[in-house]
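In my numbering, the protein residues as written are 397 to 527.
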């Protein structure tokens with residue numbers, strides 16, 4: 397129980413610190429009460445696997461418009477590695493901002509700012525179960 401409290405405190409501190417930066421914001425909600433050793437490679441999945449597994453955490457990551465999706469997904473993978481996950485099931489919740497018409501005072505004309513995607517992903521960190 398003590399290890400679980402320490403891990404939870406560390407995860408809260410990490411997510412608080414990452415919230416202060418300009419990049420991706422990653423939040424972790426541990427599900428498993430077992431602390432696993434960190435892994436060095438996490439498999440990224442887009443569908444639920446047929447292989448048996450257990451869920452160890454729910455991870456969410458978002459970033460400002462224009463941030464590459466790969467950067468946001470890498471943040472989820474990094475957290476999954478720290479939790480000892482073998483794989484993470486990624487779900488895309490990203491949305492597009494509409495294009496804007498902006499007045500340019502230096503030229504006295506309007507410019508069209510293209511639409512941008514706001515990356516927003518969630519992941520389910522999982523561990524494979526032995527048969």
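Backbone N, C-alpha and C fix where the C-beta goes; we use that ideal spot for every residue, glycine too. All values derive from a computational prediction rather than experimental measurement.
Review point. Roughly how many whole angstroms lie between the Cα atoms of residue 481 and residue 434?
Key: One C-alpha to the other measures close to 7 angstroms.
Exercise for review: For the beta strand (DSSP E) containing residue 484, list its first residue and its last residue.
Suggested key: Segment 483-488, the beta strand (DSSP E) holding residue 484.
Check your understanding: What is the rounded straight-line gap between the Cα of residue 428 and the Cα of residue 483?
Key -> 15 angstroms
**Study point:** Chain-order list of residues whose beta-carbon lies under 7 angstroms from that of residue 462 (same chain, five-residue window excluded)
**Key:** 512
Point to revise | For residue 509, the nearest candidate out of 469, 495, 478 and 448 (CA to CA) | key: Taking the Cα of residue 509 as reference, the smallest distance to any Cα among 469, 495, 478 and 448 is reached at 495.
Practice item. Return the chain-ordered ranges of every alpha helix (DSSP H) run that is complete within the region 405-478 and spans a minimum of 4 residues. Key: Listed in chain order, nothing qualifies, since the region 405-478 has no complete alpha helix (DSSP H) run of 4 or more residues.
Review point. For the beta strand (DSSP E) that residue 518 lies in, which residues bound it at each end?
Key: 516-524
Exercise for review: Work out the CA separation of residue 473 and residue 426 for me, nearest whole Å.
Suggested key: 15 angstroms
Review point. Which residue's Cα is closest to the Cα of residue 456: 515, 443 and 448?
Key: 515
**Study point:** Spatial distance of residue 493 from residue 507 (CA atoms)
**Key:** 16 angstroms
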